[in-house]
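Notes to accompany the following structure.
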Amino acid sequence: MSTVERARGRWRDILPQLGLAQNHLVNKHGPCPLCGGRDRYRFDDRDGSGSYYCGQCGPGSGMTLAMKLLDVGFAEAANRIDGIIGLESPGRRERPAPVDDRDKRARALRQVLAEAGSHDVVTSYLQSRGLNLVPATLEGHPGLVYWDGERPVRYPALLAPVIDCAGNLQSAHRTYIVGADEFAGQRKKLMPAIETVTGAAIRLFGFDDILGLAEGIETAIAATELFDVPTWSTISAHGLETVQVSASVRRVHIFVDNDRNFTGQRAAFALAARLNNLAVEVHVPPKPGSDWLDVLLERRAR
Numbered sequence: 068m069s070t071v072e073r074a075r076g077r078w079r080d081i082l083p084q085l086g087l088a089q090n091h092l093v094n095k096h097g098p099c100p101l102c103g104g105r106d107r108y109r110f111d112d113r114d115g116s117g118s119y120y121c122g123q124c125g126p127g128s129g130m131t132l133a134m135k136l137l138d139v140g141f142a143e144a145a146n147r148i149d150g151i152i153g154l155e156s157p158g159r160r161e162r163p164a165p166v167d168d169r170d171k172r173a174r175a176l177r178q179v180l181a182e183a184g185s186h187d188v189v190t191s192y193l194q195s196r197g198l199n200l201v202p203a204t205l206e207g208h209p210g211l212v213y214w215d216g217e218r219p220v221r222y223p224a225l226l227a228p229v230i231d232c233a234g235n236l237q238s239a240h241r242t243y244i245v246g247a248d249e250f251a252g253q254r255k256k257l258m259p260a261i262e263t264v265t266g267a268a269i270r271l272f273g274f275d276d277i278l279g280l281a282e283g284i285e286t287a288i289a290a291t292e293l294f295d296v297p298t299w300s301t302i303s304a305h306g307l308e309t310v311q312v313s314a315s316v317r318r319v320h321i322f323v324d325n326d327r328n329f330t331g332q333r334a335a336f337a338l339a340a341r342l343n344n345l346a347v348e349v350h351v352p353p354k355p356g357s358d359w360l361d362v363l364l365e366r367r368a369r
């Protein structure tokens with residue numbers, strides 16, 4: 068049975084664990100989690116397919132919504148969903164209580180973070196990417212379980228707590244350090260959210276009233292090295308568009324990827340428009356297809 072078939076009728080449980088807020092799972096017009104429209108989206112979940120409709124984005128299924136929320140392709144979205152629902156047919160299992168699910172996810176998340184503590188893993192990985200700054204908020208795990216589709220294996224991993232606007236832990240971003248290309252695109256994973264990661268971010272550096280925002284962890288650290296601005300990682304373009312900044316922030320620097328399909332740029336300028344009560348600057352690398360880590364490495368190579 069395919070991932071889509073096993074997910075049928077379960078999207079209201081799956082999507083919150085991928086970062087979708089509960090208010091986006093009702094069949095009445097409301098704000099769109101993808102484009103930000105205020106009254107153009109509804110989640111009708113026809114035949115348990117997770118279907119939705121937005122007047123701007125158009126129609127889609129639960130899988131489409133998952134792919135757009137995570138900013139990944141079908142295979143990676145299916146892999147993450149498999150991690151939530153398992154590989155077996157759901158059969159006639161009873162639906163667990165949402166509160167119990169939250170408690171279970173919270174316990175699993177805190178256990179993984181408690182097992183971390185290998186700072187050498189963090190330092191070695193970041194140095195391998197050409198970065199000198201090592202945020203104290205990042206944790207290293209000496210051997211985190213990774214499911215390769217057939218059996219569990221263990222790899223060292225970088226763990227980054229994902230914190231919401233109220234300062235609560237919601238998830239952790241895992242970067243498996245395997246040193247092999249066959250896991251490219253599968254090594255970075257969010258743990259299932261306790262409630263939602265919409266609006267949350269990886270708070271890499273301490274800040275006061277000036278804050279930088281970027282999608283990826285490495286890109287955000289590179290921006291701090293280049294501009295001397297404390298940064299957060301928002302994980303994805305959707306995260307960049309929806310991130311909530313602290314009330315103390317007065318100036319925001321958005322360090323966007325120069326995506327050839329303009330995904331990052333659209334998210335950055337949507338965020339800038341939303342934060343129009345603050346002083347906002349959007350920084351775009353000069354070369355199409357590049358990010359600020361590329362810029363940092365190119366400058367060092369001169």
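Going by the working numbering, the sequence shown opens with residue 68, and the numbers climb by one from there.
The beta carbon of each residue, even a glycine, is placed where N, CA and C say it ideally should be.
Counted as a single uninterrupted DSSP element, the alpha helix (DSSP H) harbouring V362 occupies residues 359-368.
With a threshold of 16 other beta carbon atoms within 10 Å, P223 meets it and is buried. Shown here for S315: same chain residues with a beta carbon closer than 6 Å to its own, the five before and five after excluded, namely D276 in chain order.
Scanning the segment 229-316 from its first residue to its last, the whole beta strand (DSSP E) runs of 3-plus residues come out as 236-243, 255-257, 277-281, 298-300. In the pairwise beta carbon analysis, the segment 233-243 is classified as touching the segment 256-276: at least three pairs are separated by under 8 Å. Rounded to whole angstroms, the separation of the alpha carbons of T263 and A175 is 15 Å.
If the five residues before and after L193 are omitted, its C-beta is found closer than 6 Å to the C-beta atoms of V201, all from its own chain and listed in chain order. For A334, same chain residues with a beta-carbon under 6 Å away, outside a window of 5 residues either side, are A304, L307, E308 in chain order. Every unbroken stretch of the alpha helix (DSSP H) spanning 4 or more residues and falling wholly within the segment 85-167 is given here in chain order: 129-137, 141-152.
Excluding five sequence positions before and after R105, the CB atoms of its chain that fall closer than 6 Å to its own CB belong to P98, given in chain order. Residue pairing by DSSP puts R221 in a beta bridge opposite V212.
When secondary structure is reduced to three states using DSSP, R79 falls in the helix class. Going by DSSP, V323 is part of no alpha helix (DSSP H) at all; its letter is neither H nor E. With fewer than 16 other CB atoms across the displayed protein chains lying within 10 angstroms of its CB, P355 is exposed. Taking one beta carbon from each stretch, the segment 127-136 and the segment 179-196 have fewer than 3 pairs nearer than 8 Å; the two do not touch. Between P228 and T204, the C-beta gap is smaller than 9 Å, which places the two residues in contact.
Between I148 and L92, the gap from beta carbon to beta carbon reaches 9 Å or more. Around the beta carbon of P353, fewer than 16 other beta carbons lie within 10 angstroms, which makes this residue exposed. In the pairwise beta carbon analysis, the segment 318-327 is classified as touching the segment 275-290: at least three pairs are separated by under 8 Å. At the C-beta level, S185 and P209 come within 9 Å of one another. In terms of Cα proximity to I152, the closest of V212, N90, P259 is P259. E348 is bridged by DSSP to H320.
By the criterion of a C-beta distance shorter than 7 Å, T70 is surrounded in its chain by A145, I148, D149, once the five residues flanking it on both sides are discounted. In summary, E72 is exposed, with fewer than 16 beta-carbon neighbours lying within 10 Å of its beta-carbon over all protein chains present. Counting along the chain, no alpha helix (DSSP H) covers F329, and no H or E run does either. Per the C-alpha coordinates, the member of G117, G115, G125, R79 positioned closest to Y108 is G125.
With a contact defined as Cβ atoms closer than 8 Å, R75 and G140 miss out at about 21 Å.
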